[in-house]
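Peer 1:
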Amino acid sequence: MRAPRYVLLDVDNTLYPKSSGLDRVLRRRIIEYLMDRHGLTAKEAEGARERYVKEYGLSLPGIMSDFDTDVVDYQEFIHDVDIEEYVKPDPELCSMLDSIDAEKVLYTNSSEQHTRRVIAALGLDISIFGHIVDFRSTGCIAKPFPESFEAMLRIIGANGEDCVMVDDMPKTIVVAKQVFGMGTVLVDEDDAACCVEADMKIKRISDLKRAIYPVQGL
Ligand SMILES: [Mg+2]
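For the sequence shown, position 43 matches number 43 in the numbering used here, and the numbering has no gaps at all.
#1: Report yes if the C-beta of MET169 is less than 7 Å from at least one heavy atom of ligand 1; otherwise report no.
#2: Is the beta carbon of ALA121 closer than 8 Å to that of VAL87?
#3: Which same chain residues end up closer than 7 Å to GLY217 when comparing Cβ atoms and leaving out the 5 residues on each side of it in sequence?
#4: Pull up the DSSP beta-bridge partners for GLY183, would you.
#5: Flag this pair as yes or no: are the beta carbons of VAL71 and LEU60 separated by less than 8 Å?
#6: Going by DSSP, name the residue or residues bridged to MET200.
#7: Which value, in whole angstroms, describes the spacing of the CA atoms of LEU97 and SER127?
#8: Of the choices LYS43, ALA192 and THR14, whose alpha-carbon is the least far from that of LEU93?
#9: In whole angstroms, give me the CA-to-CA distance for MET152 and ILE100.
#10: Apart from the five residues just before and just after GLU46, which ones in its own chain have a Cβ nearer than 8 Å to its Cβ?
#11: Would you call the stretch 155–173 and the stretch 110–119 touching, i.e. three or more CB-CB distances under 8 Å?
#12: Report yes if the C-beta distance between ALA142 and TYR6 is below 8 Å; otherwise report no.
#13: What distance in whole Å lies between the Cβ atoms of VAL196 and MET182, which are believed to be in contact at a cut-off of 8 Å?
#14: Is the CB-CB distance between SER110 and VAL11 below 8 Å?
#15: Measuring only the C-alpha atoms, how far is GLU84 from GLU44?
#16: Taking the straight line between their C-alpha atoms, what separation do you get for THR41 and MET35?
#17: Check whether the Cβ of ASN13 sits closer than 7 Å to any heavy atom of ligand 1, and report yes or no.
#18: Roughly how many whole angstroms lie between the Cα atoms of ILE202 and MET169?
#19: So which of PRO214, VAL133 and ARG204 has the shortest CA-CA distance to ASP90?
#20: For GLU147, does the count of other Cβ atoms within 10 angstroms reach 16, so buried, or fall short, so exposed?
This is the structure we're talking about:
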């Protein structure tokens with residue numbers, strides 16, 4: 001993997017560990033949203049969420065196709081959680097990102113507002129990131145769909161070969177590598193995924209610099 005000009009960072013379960021518990025809470029909020037706003041039973045909502053993730057990469061596009069849904073209302077509802085309870089300040093992450101000589105881009109299927117809250121909870125300065133590319137800025141198309149990547153690359157003005165994609169979802173890593181020729185780093189806390197398209201696999205984001213610059217290290 002050659003030194004990248006752009007490091008594309010997923011946010012949830014990438015910049016903080018999945019074991020923080022926030023992922024579980026956000027999933028529960030999606031079930032609650034489907035019950036509260038669209039009258040589904042808990043069982044129906046769970047089934048629908050699983051189907052949406054399988055078909056669309058995440059819940060929101062599926063919900064939008066099945067229901068008359070206000071994206072802003074949805075995002076505010078599911079993100080109405082105490083993020084600071086789960087995501088703690090990470091000074092090590094701050095200095096590691098600072099030392100990577102590339103433009104850092106936040107590229108998330110979530111919302112910009114949620115992203116800003118996570119970045120603040122981690123104790124990071126949002127100004128170290130060149131762009132925030134969220135679900136709405138990619139025309140409401142989620143990773144791993146190639147149209148989402150194309151929109152993101154247009155926004156940041158980059159070619160795929162100049163980028164390294166850092167994400168916890170193997171599906172995203174596969175498209176980044178196969179379709180766009182990106183360098184790829186899979187964040188896999190449990191070391192459970194088999195993903196040949198990942199140039200490097202790391203358990204935690206603090207190992208990112210060693211993954212990008214394996215010779216120089218930290
Ligand atoms: Mg993620």
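Ideal placement from N, C-alpha and C gives every residue a C-beta, glycine not left out.
Peer 2: Per the coordinate set shown:
#1: Reading the sequence shown from its first residue, position 169 is the one you call residue 169. MET169 Cβ: within cutoff of ligand 1.
#2: The residue labelled residue 87 in the question sits at position 87 within the sequence shown. The residue labelled residue 121 in the question sits at position 121 within the sequence shown. In this structure, ALA121 lies closer than 8 Å to VAL87 by Cβ.
#3: As a first step, residue 217 is located in the sequence shown; it is residue number 217 there, counting from the start. With a pLDDT of only 42 at GLY217, under 50, the local geometry of the prediction cannot be trusted, and no value is derived from it.
#4: Position 183 of the sequence shown, counted from the first residue, corresponds to residue 183. Paired residue(s): VAL164.
#5: Mapped onto the sequence shown, residue 71 falls at position 71. Mapped onto the sequence shown, residue 60 falls at position 60. Yes. Within cutoff.
#6: Position 200 of the sequence shown, counting from 1, holds the residue named residue 200. DSSP output for MET200 lists VAL185 as bridge partner(s).
#7: By one-based count along the sequence shown, residue 97 stands at place 97. By one-based count along the sequence shown, residue 127 stands at place 127. Here the C-alpha atom of LEU97 lies approximately 12 Å from the C-alpha atom of SER127.
#8: By one-based count along the sequence shown, residue 93 stands at place 93. The option with the nearest alpha carbon to LEU93 is THR14.
#9: The residue given as residue 152 occupies position 152 in the sequence shown. The residue given as residue 100 occupies position 100 in the sequence shown. Going by the C-alpha atoms only, they are around 21 Å apart.
#10: For the purposes of this step, residue 46 is taken as residue 46 along the sequence shown, with counting starting at 1. Answer for GLU46: ILE31, listed in chain order.
#11: The stretch 155–173 and the stretch 110–119 do not touch, with fewer than 3 CB-CB distances between them shorter than 8 Å.
#12: Here residue 142 corresponds to residue number 142 of the sequence shown, with the count starting at 1. Here residue 6 corresponds to residue number 6 of the sequence shown, with the count starting at 1. Between ALA142 and TYR6, the gap from beta carbon to beta carbon reaches 8 Å or more.
#13: Here residue 182 refers to the residue found at position 182 when the sequence shown is read from its first residue. Here residue 196 refers to the residue found at position 196 when the sequence shown is read from its first residue. With a contact defined as Cβ atoms closer than 8 Å, MET182 and VAL196 miss out at about 15 Å.
#14: Along the sequence shown, read from residue 1 onward, the residue named residue 110 stands at position 110. Along the sequence shown, read from residue 1 onward, the residue named residue 11 stands at position 11. In contact: SER110 and VAL11 (Cβ atoms closer than 8 Å).
#15: On the sequence shown, residue 84 is found 84 positions in, with the first residue counted as 1. On the sequence shown, residue 44 is found 44 positions in, with the first residue counted as 1. Just so you know, the alpha carbons of GLU84 and GLU44 end up roughly 31 Å apart.
#16: The residue given as residue 41 occupies position 41 in the sequence shown. The residue given as residue 35 occupies position 35 in the sequence shown. THR41 and MET35: Cα-Cα distance of roughly 6 Å.
#17: On the sequence shown, position 13 is the one that residue 13 refers to. True, at least one ligand heavy atom lies under 7 Å from that Cβ.
#18: Along the sequence shown, one-based indexing puts residue 202 at 202. Along the sequence shown, one-based indexing puts residue 169 at 169. A straight-line Cα-Cα distance of about 12 Å links ILE202 and MET169.
#19: In the sequence shown, residue 90 corresponds to position 90, counting from 1. Restricting attention to PRO214, VAL133 and ARG204, the CA atom closest to the CA of ASP90 is found in ARG204.
#20: Looking up residue 147 in the sequence shown gives position 147. Exposed: under 16 other Cβ atoms inside 10 Å.
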